[in-house]
Each structure stands twice: as C-alpha cells, then as structure tokens.
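S.K.:
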Amino acid sequence: MVDLPIETIFEILTRVPAKVVGRSRSVCKEWYALLSTRDFIRVHCSRSLVSSNQRVLLIDDLTCSVHPIIFQSYDYGPRSIVTLPFDHQNNDVSILSHLNGLLCVCLNHTNELLLWNPTTTAFKRLSTPDSLGIYINNLDAVGLYADDADDYKVLHIKRRCGVYESYVYSRELNFWRNIPFLTKQEYLSPNFYWSPGTFCGGTLYFTLCECWVGGTNVVICFDINSEQFKEISFPPVPSTGFVQGVLVNVKNELHMFATTGWFEITIDLWTLKEDYWIKVLSCPPIPPISLSLWGDITHYVTNGNWFVMTKLGKLFTIEMDTKPFEILYPVTWFRGYKGAVFVETVVSPSI
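Heads up: the sequence shown is residues 1 to 351, going by the UniProt record's numbering.
(1) Applying the 10 Å Cβ sphere with the 16-neighbour rule, what's the burial state of Y152?
(2) Along the chain, where does the alpha helix (DSSP H) containing A149 start, and where does it finish?
(3) Measuring CB to CB, does L139 end up less than 8 Å from S127?
(4) Would you list the one or two residues that DSSP bridges to F257?
(5) Quick check: the Cα distance between G339 and S226, rounded to an integer number of angstroms?
(6) Please state if the CB of L132 and the CB of L124 are separated by a distance shorter than 8 Å.
(7) Counting C-beta neighbours from all protein chains within 10 Å, is the total for Q89 16 or more, i.e. buried, or is it exposed?
(8) Between the C-alpha atoms of T198 and I9, what's the straight-line distance to the nearest angstrom?
(9) According to the neighbour-count rule (16 or more other Cβ atoms, all chains shown, within 10 Å of its Cβ), is W212 buried or exposed?
(10) Just the Cα atoms here: how many angstroms apart are G215 and S239?
(11) How many angstroms separate the CA atom of A18 from the CA atom of R171?
(12) Can you tell me whether T8 is helix, strand or coil according to DSSP?
(13) Taking the alpha-carbon positions, what's the R159 to D130 distance?
(14) What's the C-alpha gap between D39 and Y32?
(15) By DSSP's criteria, V343 is part of a beta bridge. Which residues make up the other side?
(16) Which complete beta strand (DSSP E) runs does the region 104-179 hold, if anything under 3 residues is left out?
(17) Using 8 Å for Cβ pairs, my map puts L57 next to P118. What's the rounded Cβ distance?
(18) Please confirm whether L102 and V347 have their CB atoms less than 8 Å apart.
(19) Is there a Cβ of chain D sitting closer than 8 Å to that of E344, yes or no?
(20) Are the beta-carbon atoms belonging to E231 and N53 less than 8 Å from one another?
(21) Can you check which of these residues, D87, N91, D75, is closest to L62 by C-alpha distance?
(22) Determine which residues share a DSSP beta bridge with L281 and list them.
(23) Would you call R15 buried or exposed, if buried means 16 or more other Cβ atoms sit within 10 Å of its Cβ?
(24) Would you call Y276 buried or exposed, if buried means 16 or more other Cβ atoms sit within 10 Å of its Cβ?
(25) Among R42, S46, S24, S97, which residue has its Cα nearest to the Cα of V341?
(26) So, for Y193: in the same chain, excluding its five sequence neighbours on each side, which residues have a beta-carbon less than 6 Å away from its beta-carbon?
(27) Assuming K29 is part of the alpha helix (DSSP H), what are its boundary residues?
(28) Quick one: is V163 buried, meaning 16 or more other Cβ sit within 10 Å of its Cβ, or exposed?
Here it is in structure tokens:
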C-alpha cells in the first residue's frame with residue numbers, strides 16, 4: 001500500500017474509522033504528515049458524519065463510558081471505559097456542546113472550559129488568567145461552531161452582576177475576544193435559562209426560557225459571519241405547563257422538540273423556515289416518568305418510531321408514522337449534562 005500514489009492513499013484513509021487513522025499515523029513519516037494535514041482531517045470528518053460512527057458518551061460518579069449504537073434494536077452496545085485525560089474530581093464534568101467529534105466541557109470544580117475529543121483523547125484548556133473561559137452553570141451559555149475557514153470556535157455568553165457579555169474563542173488563534181451582545185433587560189433575570197447552542201446553516205441557535213408556567217420563551221440567533229445577534233419567536237406551544245425547547249440540526253435544517261406539560265408531557269416537532277416555525281408532527285403524551293429517569297433521558301431516535309433512551313437503555317417506544325431520519329439525533333440533554341451523542345473523528349481541539 002505504501003507504493004500506491006499519495007492521492008489513492010488519501011482517498012482510502014479518509015474513509016476508515018478515526019481510530020484506524022490514529023494507528024495509521026505510526027506507519028511512516030509520510031503517512032503521519034499526510035494524516036495530520038488540515039485537508040485530510042476536513043475530508044475525513046465530512047465522511048465520518050454517518051450513523052455507524054455515532055457513539056453515546058455517559059458520565060456518572062464512578063465511570064465515563066462510550067457505547068456504540070445498535071440501530072437494529074435501537075439500544076446501546078457494550079461499553080468501553082474511558083479514562084478522562086484531564087484533572088477532575090469524581091467525574092465532575094459537564095458536557096455543554098458538541099460538533100464534529102469535539103466536545104466543549106466544563107470542569108465543575110474549577111468552572112474551566114475545555115475542548116476535548118474523546119476518540120483521540122486530546123484536549124485543550126480554554127481558561128485564561130484573566131478569567132476568560134470560566135463557565136457558571138445556570139447563568140452562562142456556550143455554543144461550538146466552525147467557520148468557513150474551518151476554524152473551530154466557541155461562543156461564550158456570560159451573565160454577571162446584571163450585565164451580559166459575549167466572547168468568541170478561536171482554535172486557530174488560541175485567543176478570546178469580546179463581541180457586542182445586545183438583549184432585553186428582562187433577560188438578565190436568573191429566572192431565564194439558556195440552552196446549549198445548536199449550530200445549523202451558519203447560525204448558532206439558543207433557546208431562552210423563563211422557568212415558570214406561562215413564562216416568556218424566545219430563540220436567540222447568532223450569525224457566525226456577521227457576529228450579530230437577533231431574536232426570533234418561539235413556536236406557538238401551549239403555556240399550561242412547563243415549556244422546554246430542544247434544538248437539533250437535522251440534515252442542516254433546524255428542528256425543535258418543544259415539550260409542554262406537567263404530569264404528562266406532550267412533544268411537538270417543529271422546523272424553522274425563514275424565521276418561522278412549522279409544525280412537523282405531534283406525539284401522544286408521554287406517560288408520567290419518575291424524576292430520576294426523566295433527568296437521564298438524552299435523546300430520541302426517529303425511524304418510523306421514537307425511542308426514549310436513558311442511561312439504562314431503551315425506556316419505551318412511541319409509535320409514529322413519519323419519514324425516517326435514519327440517524328440518531330440528540331433532542332434533549334441530561335440535567336447535569338452527563339451525556340452526549342457524538343461522532344468519532346480525528347478533529348483536534350488545538351492547532
């Protein structure tokens with residue numbers, strides 16, 4: 001194989017799993033150089049974004065484990081124990097955002113932000129001596145995105161002492177910079193809760209929900225090219241119970257699973273079309289779930305049916321008659337951010 005043209009080697013190795021790429025870098029100096037180029041990593045990443053490369057990462061007080069997804073039974077496969085490569089205390093790691101195999105995480109005992117690739121184990125600390133890259137749970141919001149130059153960036157929205165500030169970290173420059181952030185004064189209240197950012201079509205989207213029945217709910221959009229913020233409306237869901245909107249990028253179209261209710265939860269799926277929400281489908285009310293299990297639900301999978309998943313595996317099935325997505329999409333998060341669905345890639349958290 002070493003006698004093949006370099007173009008052929010490139011084409012072959014951009015189609016193999018990320019862990020094979022890691023082992024292949026030790027074959028020879030030429031392969032190491034080739035497999036470390038930006039073009040190779042970009043093409044390999046684009047070809048890795050398929051269901052067979054998806055994994056579920058689960059963190060509890062004792063272990064951090066990665067599970068393959070068995071799409072025939074819609075359940076988790078055997079786990080592999082992962083050793084966290086950074087200092088931590090009892091796995092006190094919160095997962096805030098994910099993109100192309102990278103996770104943006106927070107170490108809860110220090111509030112530091114990190115970029116981490118659990119497949120390669122590489123990580124990068126984002127905190128600075130002047131307190132940039134410090135995340136406060138329930139006050140801040142984080143979104144991970146990539147610009148047209150393939151520079152991975154982190155948007156950090158900080159709420160401190162009655163003031164909002166926003167900063168962008170560049171992986172390429174290894175630097176934080178402040179950008180203007182304008183929003184309504186009422187959103188400074190700690191009663192408003194930010195979702196993690198969801199990257200879709202050149203924009204980062206966040207839900208901002210008031211934490212009581214009948215409260216205000218909006219969507220905040222960040223255009224990654226102009227670096228401007230704007231607000232759009234929330235889908236017109238009933239406000240008779242608690243409302244939660246969970247955003248997900250489905251084939252580069254933004255969708256929202258909007259949950260409403262109290263003892264029974266109703267879920268509607270909406271899609272965004274030119275700043276307006278269109279209802280795609282509704283599911284029957286989910287029967288009451290114990291708080292311990294509800295706090296562990298991490299995603300549904302749609303393939304004619306929806307499967308409500310927890311750390312314990314499949315909880316129950318919601319039968320639906322809808323177009324299959326044929327891939328697993330995370331549509332809600334652990335309370336405590338103790339899980340993530342990610343794709344195995346060789347994207348590096350640093351340059």
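Beta carbons: idealized from backbone N, C-alpha and C, even for Gly.
M.R.: The structure says:
(1) Counting C-beta atoms within 10 angstroms of its own C-beta, Y152 has 16 or more neighbours from the protein chains shown and is therefore classed as buried.
(2) Neither: A149 is in no alpha helix (DSSP H) and is coded neither H nor E.
(3) Not closer than 8 Å, so no.
(4) According to DSSP, which records beta bridges pairwise, F257 is partnered with V246, L269.
(5) Taken atom to atom, the span from the alpha-carbon of G339 to that of S226 is near 32 Å.
(6) Correcting the residue type first, residue 124 is Lys in the shown sequence and not Leu. The answer is no: Cβ separation not under 8 Å.
(7) Looking at its Cβ environment, which holds fewer than 16 other Cβ atoms inside 10 Å, Q89 is exposed.
(8) The alpha-carbon atoms of T198 and I9 are separated by roughly 34 Å.
(9) Around the Cβ of W212, a 10 Å sphere holds fewer than 16 other Cβ atoms; the residue is exposed.
(10) C-alpha separation (whole angstroms): 8 Å.
(11) Whole-angstrom Cα-Cα distance: 21 Å.
(12) In the three-state scheme derived from DSSP, where H, G and I count as helix and E and B as strand, T8 is classed as helix.
(13) Going by C-alpha positions, R159 is about 16 Å away from D130.
(14) Whole-angstrom Cα-Cα distance: 13 Å.
(15) Residue pairing by DSSP places V343 opposite Q54 in a beta bridge.
(16) The DSSP assignment places complete beta strand (DSSP E) segments of no fewer than 3 residues inside the region 104-179 at 112-116, 123-125, 141-146, 152-160, 163-170, 175-179, in order along the chain.
(17) 6 Å between Cβ atoms; contact.
(18) Using a Cβ distance threshold of 8 Å, L102 and V347 count as a contacting pair.
(19) You won't find chain D in this structure, because it holds only one protein chain.
(20) It is not a contact, given that the beta carbons lie outside the stated cut-off.
(21) Among D87, N91, D75, the Cα nearest to that of L62 belongs to N91.
(22) Per DSSP, L269.
(23) A residue is called buried once 16 or more other Cβ atoms fall within 10 Å of its Cβ, and R15, having fewer, is exposed.
(24) Exposed, by the Cβ-count rule.
(25) Out of R42, S46, S24, S97, S97 has the C-alpha closest to the C-alpha of V341.
(26) If we look at Y193 and ignore the five residues flanking it on each side, its Cβ neighbours are C209, C211.
(27) Where K29 is concerned, the enclosing alpha helix (DSSP H) stretches over 29-35.
(28) With fewer than 16 neighbouring CB atoms inside 10 Å of its own CB, V163 falls in the exposed class.
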